[in-house]
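Heads up, the thing below is written out as structure tokens.
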Amino acid sequence: MALAHGVAGFGFVGRGRELRALLDVVRTGPAVVFVEGEAGIGKSRLVTEAVAALAGGEVLVLQGWCHPLREPLPIEPVIEALRDRSPHLSHDAQLSPAVRALVPYLPELADRLPPDGAADLGEVQGGLMRAAHEVLAAMGSLVLVIEDVHWADEATCELLRLLATNPPQGLRLVITYRGQDLPAGRSVLGAPYRRPVGVGGRDIRLGPLDEAQVRDLTISALGRTAGSTLGRQVFERSGGLPLAVEEDLLALSDRLSRPGRGEVSAVFEGVGVPRAVREAVNLRLSGLEAGALAVVHAAAVLAVPAPQELLAALAGLEEKDAEVGLTAALKAAVLQESSAGQYGFRHTLARQAVYEGILGPRRQRLHLRASDVLIAREPPPLVQIAHHTRQHGDVQAWLPRAQAAAEQAIKLGDDGIATDLLQQLLAEPALPPGQRSHVALALGRIADHRIEQAASVSALRRILADPVLPIATRGEIRLLLARTLLSQTNVPEFNRETERAIGELDSRPDLAAVAMAQLGMGNSSSPVAQDVMWMDKAVHTITRSSDPGAQATVLASRITLLETLGDPSARELLAMLPRLSQDREVQRQRFRAVHNAADEAFWRGDDERARALLDEAERLASQTRTQSRLHSCRVIRLNLEFVSGAWDGLEGRLERIAPVDGRDEGVFHVEPFLIRALLEIARGSWVRARERLTALAGLTNQAFPPWEMVRSAATGRLDLAEGRGENAWETMQPALELLRHKGVWGWAVDLVPTAVQVALAGGLEEEADRLIREATHGIEGRDAPGAAAELWWCQGLVAARTDPPAALKCLERARARFQALGRVHRAARITEGVGTTMLTAHLGHAGRAAGYFQEATDVYRRLGATADEARCSRALREIGQERPVPRGRHSYGEELSPRERQVAQLLATGATNQDIAGALSLSVRTVEHHVAKALKKLHVTRSDVGTAL
Numbered sequence: 001m002a003l004a005h006g007v008a009g010f011g012f013v014g015r016g017r018e019l020r021a022l023l024d025v026v027r028t029g030p031a032v033v034f035v036e037g038e039a040g041i042g043k044s045r046l047v048t049e050a051v052a053a054l055a056g057g058e059v060l061v062l063q064g065w066c067h068p069l070r071e072p073l074p075i076e077p078v079i080e081a082l083r084d085r086s087p088h089l090s091h092d093a094q095l096s097p098a099v100r101a102l103v104p105y106l107p108e109l110a111d112r113l114p115p116d117g118a119a120d121l122g123e124v125q126g127g128l129m130r131a132a133h134e135v136l137a138a139m140g141s142l143v144l145v146i147e148d149v150h151w152a153d154e155a156t157c158e159l160l161r162l163l164a165t166n167p168p169q170g171l172r173l174v175i176t177y178r179g180q181d182l183p184a185g186r187s188v189l190g191a192p193y194r195r196p197v198g199v200g201g202r203d204i205r206l207g208p209l210d211e212a213q214v215r216d217l218t219i220s221a222l223g224r225t226a227g228s229t230l231g232r233q234v235f236e237r238s239g240g241l242p243l244a245v246e247e248d249l250l251a252l253s254d255r256l257s258r259p260g261r262g263e264v265s266a267v268f269e270g271v272g273v274p275r276a277v278r279e280a281v282n283l284r285l286s287g288l289e290a291g292a293l294a295v296v297h298a299a300a301v302l303a304v305p306a307p308q309e310l311l312a313a314l315a316g317l318e319e320k321d322a323e324v325g326l327t328a329a330l331k332a333a334v335l336q337e338s339s340a341g342q343y344g345f346r347h348t349l350a351r352q353a354v355y356e357g358i359l360g361p362r363r364q365r366l367h368l369r370a371s372d373v374l375i376a377r378e379p380p381p382l383v384q385i386a387h388h389t390r391q392h393g394d395v396q397a398w399l400p401r402a403q404a405a406a407e408q409a410i411k412l413g414d415d416g417i418a419t420d421l422l423q424q425l426l427a428e429p430a431l432p433p434g435q436r437s438h439v440a441l442a443l444g445r446i447a448d449h450r451i452e453q454a455a456s457v458s459a460l461r462r463i464l465a466d467p468v469l470p471i472a473t474r475g476e477i478r479l480l481l482a483r484t485l486l487s488q489t490n491v492p493e494f495n496r497e498t499e500r501a502i503g504e505l506d507s508r509p510d511l512a513a514v515a516m517a518q519l520g521m522g523n524s525s526s527p528v529a530q531d532v533m534w535m536d537k538a539v540h541t542i543t544r545s546s547d548p549g550a551q552a553t554v555l556a557s558r559i560t561l562l563e564t565l566g567d568p569s570a571r572e573l574l575a576m577l578p579r580l581s582q583d584r585e586v587q588r589q590r591f592r593a594v595h596n597a598a599d600e601a602f603w604r605g606d607d608e609r610a611r612a613l614l615d616e617a618e619r620l621a622s623q624t625r626t627q628s629r630l631h632s633c634r635v636i637r638l639n640l641e642f643v644s645g646a647w648d649g650l651e652g653r654l655e656r657i658a659p660v661d662g663r664d665e666g667v668f669h670v671e672p673f674l675i676r677a678l679l680e681i682a683r684g685s686w687v688r689a690r691e692r693l694t695a696l697a698g699l700t701n702q703a704f705p706p707w708e709m710v711r712s713a714a715t716g717r718l719d720l721a722e723g724r725g726e727n728a729w730e731t732m733q734p735a736l737e738l739l740r741h742k743g744v745w746g747w748a749v750d751l752v753p754t755a756v757q758v759a760l761a762g763g764l765e766e767e768a769d770r771l772i773r774e775a776t777h778g779i780e781g782r783d784a785p786g787a788a789a790e791l792w793w794c795q796g797l798v799a800a801r802t803d804p805p806a807a808l809k810c811l812e813r814a815r816a817r818f819q820a821l822g823r824v825h826r827a828a829r830i831t832e833g834v835g836t837t838m839l840t841a842h843l844g845h846a847g848r849a850a851g852y853f854q855e856a857t858d859v860y861r862r863l864g865a866t867a868d869e870a871r872c873s874r875a876l877r878e879i880g881q882e883r884p885v886p887r888g889r890h891s892y893g894e895e896l897s898p899r900e901r902q903v904a905q906l907l908a909t910g911a912t913n914q915d916i917a918g919a920l921s922l923s924v925r926t927v928e929h930h931v932a933k934a935l936k937k938l939h940v941t942r943s944d945v946g947t948a949l
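Heads up: the sequence shown runs through residues 1 to 949, numbered per the numbering used here.
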């Protein structure tokens, strides 16, 4: 858990502004601060954080508490705060005899009083107040915190009013209270109060945490994966009340730590109302009359905010009596007006506490009355009607109502409610077999486009485990499972489940063709000839079906394969898919075809076409508001941003779609993590990049082939940069064999150029030549602009050893092609290569080569490619062509210089001095100098650099 200021408990979230305001006030005196908020809102936690922040300083902090049940002791909270505090009295403090009034309660004060002389104390209460005021004044700089002042007795209120009106010079008085629990008509200090001139202060009112803050708190307690999944549920149950949030998190933390806990999203099942919340609710209910209690019970059964007339009908009250009862419930803060004329509970847990306290027979009667009343409303709220029908126990009436509600939810795109209802229906033994198939398929289709891939697989496997499912229904659901497995990068399971589905779909040529086309899309490691064979079978089989959705699905899969191959006929087929259709499945397949075409265009290097197609795909995804579609579009957009050099803010965009510490291993995280690794290589974070690439190996080697090829090429580049070229060739062999086995050479994934460089570095010229021949043959007759540009690059690399002028021509062509494609970083790497070739072959004056190095350096600097820029700058230094530094060197003082910041950032990734020297093209000695200065300026050791930055 993330803890603030060393305070034990959950992370301190959502109160930073209030804490700063409180600390700003109490650091100087005199001051009076009021902190108001309902029970459990976090008043005490705010004070605790402030006290912890003040610990060790010059200001003494005393705390006292008011209690609902107390002993008959006047000003007890202040006496409690002063107990055992006499050592804090200043040594020169001269206490008057009046302080003797406190000695019976604080005997330690006796030694600090004059030896003789009795005070005329007058009445006891007044004497105690004067004595307390004098002792507090004698303590100097002091923060006095008195909590729960809504329970304060009259004497305590009078003393606090005295201290607030005439505070000792060093006193900062902090008062916490619940405004709604003050006795009717009473001010917090027992009388109206206004701060005198010269007395500072603030009125701080705490409200509930918002959803984002609750999610952050949940993540701090449960980790990012579970926290991100459960944050919304925690917020909905708690309404943002911190006490309820923390109670839930304690229960969830315990459940999530148990073995065999099941899905994270289902961990709330059976979690009851926290004891603290139940007690607070029961306390409020205890003061309500029968009419008010009837209204509260009606609101608890309805479970959603409702108007007064609906609450009255359910409670069985006349309008006037209902108004009186509702008013009482609002005054007691049991209910609230959530919007104009709509009344309900502040949070789910409060409603649940009330609901569980209603005895069974009355609860059933209220549910029956609710369903009858709601049926008469226009339009009828089908989900609520189904809920109340089930709760009053009429299963036969519930079945059609639940199905109608589920169909309405699907039509409106509310997959969450639809899923809940469909799962309830499948769990009901009384559901007829024909309806069971319909419900199972509806649930399967929802699971198919859920963004939580693991949850989708579990849901679909549970449906398949139903022994009474008809075989054709089983085949259709298995097909959905296979598609989800593919999204989860589980290609072997995808192939097995798809082939099983084909065997179960003999009676359904439409779905059998869809399954065949799914196997032939070209996005697995199977040879492309096998992909074409499956696709031909699908095209033949679909002729036996007149279903437009199935026809569109096969066509979309065929377009995907043809785009993969770089076959121009894909464009003609895409035009055959209607842009507008009343058939939702045809609409979905239009999106799928356009999305996949955009993705494959990107992998082939046709970025202009990819962007145009992606624009349409994003419009279609936005219309359906389907999260999985929106996410997959964002992944393509991130890829395009990376290759085009739109690196400013790219890390943040990657974090939003795939958090660094997230554990989702599905399709949406692999590519963002690959982009991160490529950024880290360019910026010199080689240790972190290698760790990331190694971690990705288990995901990419059985998934979409370009992923493994990108990973392998990036690893090869790292090996070359770190001087491990002798190992790089063997490391890259699996990816090269995958490329040869698959037979799709049009993917512009940097694999062939990197492999050629590695081969040449290891003296394997024949292997380099072989690769170029294979790649040249592989893209013949194909639309593969990126791979064609890579081939010019490779030819330039090989020719540089024997025919430098020809090499320069090839490299210039490759450079021009990548610039035309808009692939900025790749073009800069080739530009750098032109300069290197010119220097190595002594072609022309060094100044000409310097022009290429400088051009590449400028691009690298704009991108923030620190390691690449450093490499080019070193080349310029070595030929005496480095751009002169302006006169008057800047003095950074205690701030980090740009180079020191680069070094510190690499230190934070775990890099050694040797690693940093390699990444920034510096000597180890120079790096040691920068490291020492950075650590000194940051006042940290190497292990704490990341925190300091």
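For each residue, glycine too, the CB sits at the ideal point set by N, CA and C.
Query, Result
"Simplified DSSP assignment, three categories, for R224", "helix"
"Cβ-Cβ distance between A50 and L22 below 7 Å", "yes"
"Nearest-angstrom Cα separation, counted from G549 out to G260", "Any reading at G260 is ruled out, since the residue's pLDDT is 48, under 50, leaving its predicted position unreliable."
"Rounded separation between R619 and L638 - CA only", "17 Å"
"Burial state of K43, where buried means 16 or more other Cβ atoms lie within 10 Å", "buried"
"Helix, strand or coil at F704 [DSSP, three-state]", "coil"
"Contact under 7 Å by Cβ, L460 with V439", "no"
"Close-in-space but distant-in-sequence residues of the same chain around R436 (CB under 6 Å, 5 per side omitted)", "none"
"Buried versus exposed, by CB contacts within 10 Å (16 or more), N282", "exposed"
"Proximity of S238 and V245 at Cβ, strictly below 7 Å", "yes"
"When V145, G127 and E76 are compared against V59, the one with the closest alpha-carbon", "V145"
"Inter-stretch contact at 8 Å, needing at least 3 Cβ pairs: the region 920-928 / the region 862-875", "yes"
"Continuous beta strand (DSSP E) stretch holding R202: start and end", "G200 to R205"
"For I358, three-class secondary structure by DSSP", "coil"
"C-alpha gap between L349 and T327, whole angstroms", "21 Å"
"Q63 versus R112, D148 and P30, residue with shortest Cα-Cα distance", "D148"
"Where Y343 falls: helix, strand or coil (DSSP)", "strand"
"For L82, the three-state DSSP class (helix, strand or coil)", "helix"
"For A814 and V491, the rounded distance between their alpha carbons", "35 Å"
"First and last residue of the uninterrupted beta strand (DSSP E) at G64", "L60 to W65"
"Distance between S524 and G716 (C-alpha atoms, nearest Å)", "23 Å"
"Backbone CA spacing between A155 and K320 [nearest angstrom]", "41 Å"
"Segment contact flag, the region 678-687 with the region 850-869, C-beta cutoff 8 Å, min 3 pairs", "yes"
"Within 7 Å, strictly: CB atoms of V528 and V744", "yes"
"Assigned exposure category for A430 - 16 Cβ within 10 Å defines buried", "exposed"
"Nearest-angstrom Cβ-Cβ length linking A406 and A442, presumed shorter than 8 Å", "7 Å"
"Inter-residue spacing [alpha-carbon to alpha-carbon] between A703 and D415", "28 Å"
"C-alpha distance - A298 paired with Q391, whole-angstrom precision", "14 Å"
"For V32 and A138, the rounded distance between their alpha carbons", "18 Å"
"Exposure label - T857; buried when at least 16 CB within 10 Å", "buried"
"Sequence-distant residues of its chain with Cβ nearer than 8 Å to R130 (five each side left out)", "A98 and A101"
"Residues of its chain near R1015, where Cβ-Cβ distance is below 6 Å and the 5 sequence neighbours each way are ignored", "Only positions 1 to 949 of the chain appear in the structure, and residue 1015 is not among them; the question remains open."
"Where the alpha helix (DSSP H) through L311 begins and ends", "Q308 to A315"
"Opening and closing residue of the alpha helix (DSSP H) in which V756 lies", "L751 to A761"
"Pairwise C-alpha distance: D24 and P77", "25 Å"
"Residues near L19 by beta carbon distance below 8 Å, same chain, minus five either side", "F12, L46, E49, A50 and A53"
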